[in-house]
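Reviewing the structure listed below.
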(Lines of atoms letter the chains of each structure in order from A; the text may use other names.)
(Lines give C-alpha, C1' and ligand atoms only; values in the text may rest on other atoms or scores of the structure.)
Protein backbone atom coordinates (compact mmCIF):
# COMPACT_ATOMS: atom_id res chain seq x y z
CA UNK A 2 0.00 0.00 0.00
CA UNK A 3 2.86 2.37 0.87
CA UNK A 4 4.57 1.64 -2.47
CA UNK A 5 1.33 2.38 -4.29
CA UNK A 6 1.09 5.78 -2.57
CA UNK A 7 4.75 6.55 -3.39
CA UNK A 8 4.11 5.67 -7.03
CA UNK A 9 1.06 7.92 -7.08
CA UNK A 10 3.12 10.83 -5.66
CA UNK A 11 5.89 10.36 -8.27
CA UNK A 12 3.32 10.23 -11.09
CA UNK A 13 1.58 13.37 -9.81
CA UNK A 14 4.90 15.27 -9.52
CA UNK A 15 5.89 14.17 -13.03
CA UNK A 16 2.56 15.37 -14.41
CA UNK A 17 3.02 18.80 -12.78
CA UNK A 18 6.59 19.19 -14.07
CA UNK A 19 5.50 18.22 -17.59
CA UNK A 20 2.70 20.81 -17.43
CA UNK A 21 5.15 23.54 -16.38
CA UNK A 22 7.65 22.58 -19.11
CA UNK A 23 4.87 22.48 -21.70
CA UNK A 24 3.71 25.97 -20.70
CA UNK A 25 7.28 27.29 -20.91
CA UNK A 26 7.79 25.66 -24.30
CA UNK A 27 4.55 27.10 -25.68
CA UNK A 28 5.69 30.59 -24.60
CA UNK A 29 8.91 30.20 -26.65
CA UNK A 30 11.35 29.67 -23.76
CA UNK A 31 14.42 27.49 -24.37
CA UNK A 32 13.81 24.04 -22.89
CA UNK A 33 17.37 22.80 -23.45
CA UNK A 34 19.80 22.93 -20.54
CA UNK A 35 22.87 23.65 -22.69
CA UNK A 36 23.14 26.18 -25.51
CA UNK A 37 24.03 24.64 -28.90
CA UNK A 38 27.59 24.76 -30.21
CA UNK A 39 28.07 28.30 -31.55
CA UNK A 40 26.13 29.97 -28.74
CA UNK A 41 26.72 30.65 -25.06
CA UNK A 42 24.33 31.66 -22.31
CA UNK A 43 24.22 35.38 -21.59
CA UNK A 44 25.97 35.98 -18.22
CA UNK A 45 23.36 38.62 -17.33
CA UNK A 46 20.37 36.50 -18.38
CA UNK A 47 21.05 32.72 -18.59
CA UNK A 48 17.77 32.20 -20.49
CA UNK A 49 19.14 34.18 -23.46
CA UNK A 50 21.68 32.87 -25.99
CA UNK A 51 24.42 35.07 -27.40
CA UNK A 52 26.88 34.25 -30.20
CA UNK A 53 30.17 32.57 -29.31
CA UNK A 54 32.37 34.02 -32.08
CA UNK A 55 34.99 31.23 -32.27
CA UNK A 56 32.48 28.36 -32.37
CA UNK A 57 30.11 30.32 -34.63
CA UNK A 58 32.88 30.64 -37.22
CA UNK A 59 33.27 26.84 -37.28
CA UNK A 60 29.49 26.40 -37.72
CA UNK A 61 29.51 28.84 -40.66
CA UNK A 62 32.44 26.97 -42.25
CA UNK A 63 30.54 23.66 -41.92
CA UNK A 64 27.50 25.11 -43.72
CA UNK A 65 29.75 26.68 -46.39
CA UNK A 66 31.52 23.37 -47.04
CA UNK A 67 28.15 21.62 -47.34
CA UNK A 68 26.98 24.26 -49.83
CA UNK A 69 30.14 23.55 -51.86
CA UNK A 70 28.99 19.93 -52.18
CA UNK A 71 30.99 18.19 -49.47
CA UNK A 72 29.36 15.45 -47.42
CA UNK A 73 29.48 15.10 -43.61
CA UNK A 74 32.41 12.65 -43.65
CA UNK A 75 34.44 14.94 -45.94
CA UNK A 76 33.68 17.93 -43.69
CA UNK A 77 34.64 15.89 -40.60
CA UNK A 78 37.97 14.91 -42.22
CA UNK A 79 38.69 18.53 -43.13
CA UNK A 80 37.98 19.77 -39.58
CA UNK A 81 40.11 16.96 -38.12
CA UNK A 82 43.01 17.84 -40.43
CA UNK A 83 42.73 21.50 -39.39
CA UNK A 84 42.91 20.44 -35.72
CA UNK A 85 39.61 22.15 -34.83
CA UNK A 86 38.32 21.25 -31.36
CA UNK A 87 35.12 19.15 -31.33
CA UNK A 88 32.05 20.72 -29.66
CA UNK A 89 32.54 18.61 -26.50
CA UNK A 90 36.25 19.44 -26.23
CA UNK A 91 35.55 23.12 -26.94
CA UNK A 92 32.89 23.33 -24.22
CA UNK A 93 35.18 21.60 -21.73
CA UNK A 94 37.99 24.03 -22.57
CA UNK A 95 35.60 26.94 -21.95
CA UNK A 96 34.47 25.41 -18.63
CA UNK A 97 30.91 24.82 -19.86
CA UNK A 98 29.28 21.62 -18.50
CA UNK A 99 28.48 19.08 -21.20
CA UNK A 100 26.56 15.77 -21.10
CA UNK A 101 29.18 13.99 -23.24
CA UNK A 102 32.30 12.34 -21.87
CA UNK A 103 35.70 13.76 -22.86
CA UNK A 104 37.31 12.09 -25.86
CA UNK A 105 40.96 11.01 -25.95
CA UNK A 106 41.23 12.79 -29.33
CA UNK A 107 39.78 16.31 -28.88
CA UNK A 108 40.30 17.20 -32.57
CA UNK A 109 38.72 14.08 -34.09
CA UNK A 110 35.37 14.98 -35.68
CA UNK A 111 32.72 12.38 -36.48
CA UNK A 112 30.33 12.69 -39.42
CA UNK A 113 27.39 12.30 -36.99
CA UNK A 114 28.50 15.49 -35.19
CA UNK A 115 28.55 17.36 -38.50
CA UNK A 116 25.09 16.01 -39.39
CA UNK A 117 23.72 17.17 -36.02
CA UNK A 118 25.03 20.70 -36.67
CA UNK A 119 23.70 20.77 -40.24
CA UNK A 120 20.21 19.71 -39.10
CA UNK A 121 19.83 22.16 -36.16
CA UNK A 122 17.26 24.79 -37.07
CA UNK A 123 18.34 26.86 -34.04
CA UNK A 124 21.21 28.27 -36.13
CA UNK A 125 18.65 30.31 -38.10
CA UNK A 126 17.78 32.26 -34.93
CA UNK A 127 14.69 30.33 -33.88
CA UNK A 128 13.80 28.21 -30.87
CA UNK A 129 12.58 24.67 -31.56
CA UNK A 130 10.75 23.04 -28.65
CA UNK A 131 9.25 19.56 -28.16
CA UNK A 132 11.71 17.73 -30.43
CA UNK A 133 11.60 14.65 -28.20
CA UNK A 134 9.31 13.09 -25.62
CA UNK A 135 9.22 10.18 -23.16
CA UNK A 136 6.22 7.97 -22.51
CA UNK A 137 6.33 7.91 -18.71
CA UNK A 138 8.55 8.36 -15.66
CA UNK A 139 9.58 4.68 -15.91
CA UNK A 140 10.28 4.60 -19.65
CA UNK A 141 13.20 7.04 -20.10
CA UNK A 142 13.75 6.26 -23.81
CA UNK A 143 13.67 9.44 -25.93
CA UNK A 144 11.37 9.39 -28.93
CA UNK A 145 11.35 12.02 -31.67
CA UNK A 146 8.33 14.12 -32.55
CA UNK A 147 7.46 14.83 -36.16
CA UNK A 148 8.15 18.41 -37.41
CA UNK A 149 4.39 19.11 -37.23
CA UNK A 150 4.35 18.32 -33.48
CA UNK A 151 7.31 20.63 -32.74
CA UNK A 152 6.89 24.29 -31.80
CA UNK A 153 9.09 26.78 -33.67
CA UNK A 154 9.53 30.40 -32.52
CA UNK A 155 11.40 32.69 -34.91
CA UNK A 156 13.78 35.51 -34.00
CA UNK A 157 14.45 34.47 -30.41
CA UNK A 158 18.27 34.86 -30.64
CA UNK A 159 20.89 36.04 -33.18
CA UNK A 160 21.04 33.89 -36.32
CA UNK A 161 24.32 32.32 -37.47
CA UNK A 162 22.91 31.00 -40.76
CA UNK A 163 20.35 32.60 -43.06
CA UNK A 164 17.06 30.71 -43.45
CA UNK A 165 17.59 30.34 -47.23
CA UNK A 166 21.03 28.77 -46.73
CA UNK A 167 19.63 26.37 -44.12
CA UNK A 168 16.85 25.26 -46.51
CA UNK A 169 19.34 24.81 -49.38
CA UNK A 170 21.57 22.68 -47.16
CA UNK A 171 18.59 20.47 -46.24
CA UNK A 172 17.79 19.98 -49.95
CA UNK A 173 21.44 19.16 -50.69
CA UNK A 174 21.45 16.64 -47.84
CA UNK A 175 18.28 14.94 -49.14
CA UNK A 176 19.76 14.53 -52.62
CA UNK A 177 23.26 13.59 -51.50
CA UNK A 178 25.25 11.38 -53.85
CA UNK A 179 28.23 9.23 -52.92
CA UNK A 180 31.37 9.46 -55.05
CA UNK A 181 33.54 6.52 -56.04
CA UNK A 182 37.27 6.39 -55.20
CA UNK A 183 38.03 7.75 -58.67
CA UNK A 184 35.91 10.83 -57.89
CA UNK A 185 32.96 9.96 -60.17
CA UNK A 186 29.32 9.74 -59.11
CA UNK A 187 27.32 6.71 -60.22
CA UNK A 188 24.00 7.34 -61.96
CA UNK A 189 22.38 5.02 -59.38
CA UNK A 190 23.87 6.87 -56.37
CA UNK A 191 21.18 7.61 -53.79
CA UNK A 192 18.74 5.27 -55.58
CA UNK A 193 20.19 1.76 -55.28
CA UNK A 194 22.10 -0.01 -52.50
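In the working numbering, the protein residues as written are 2 to 194.
Every residue, glycine too, gets a C-beta built ideally from N, C-alpha and C.
Alpha-carbon to alpha-carbon, residue j and residue i
i, j, result
"residue 7", "residue 104", "40 Å"
"residue 56", "residue 41", "10 Å"
"residue 158", "residue 62", "20 Å"
"residue 60", "residue 119", "8 Å"
"residue 101", "residue 152", "26 Å"
"residue 1", "residue 80", "Missing from the structure shown is residue 1; the chain here goes from 2 to 194 and no further."
"residue 97", "residue 70", "33 Å"
"residue 150", "residue 132", "8 Å"
Three-state class that DSSP yields for residue i in the structure shown
i, result
"residue 117", "helix"
"residue 176", "coil"
"residue 38", "coil"
"residue 51", "strand"
"residue 262", "Since the displayed the chain opens at 2 and closes at 194, residue 262 lies outside it and no answer follows."
"residue 4", "helix"
"residue 162", "coil"
"residue 92", "helix"
"residue 198", "This structure leaves residue 198 out entirely; the chain is present only between 2 and 194."
"residue 16", "helix"
Strand pairing of residue i, partner residues [DSSP]
i, result
"residue 130", "152"
CB-CB length for residue i against residue j, believed under 8 Å
i, j, result
"residue 114", "residue 87", "6 Å"
"residue 124", "residue 167", "7 Å"
Practice task
Assess, as a yes-or-no matter, whether the segment 64 to 83 is touched by the segment 12 to 20 under the definition of 3 or more beta carbon pairs within less than 8 Å.
Solution key: no
Problem - Validate contact between the segment 23 to 41 and the segment 123 to 141 using beta carbons, cut 8 Å, 3 pairs - result: yes
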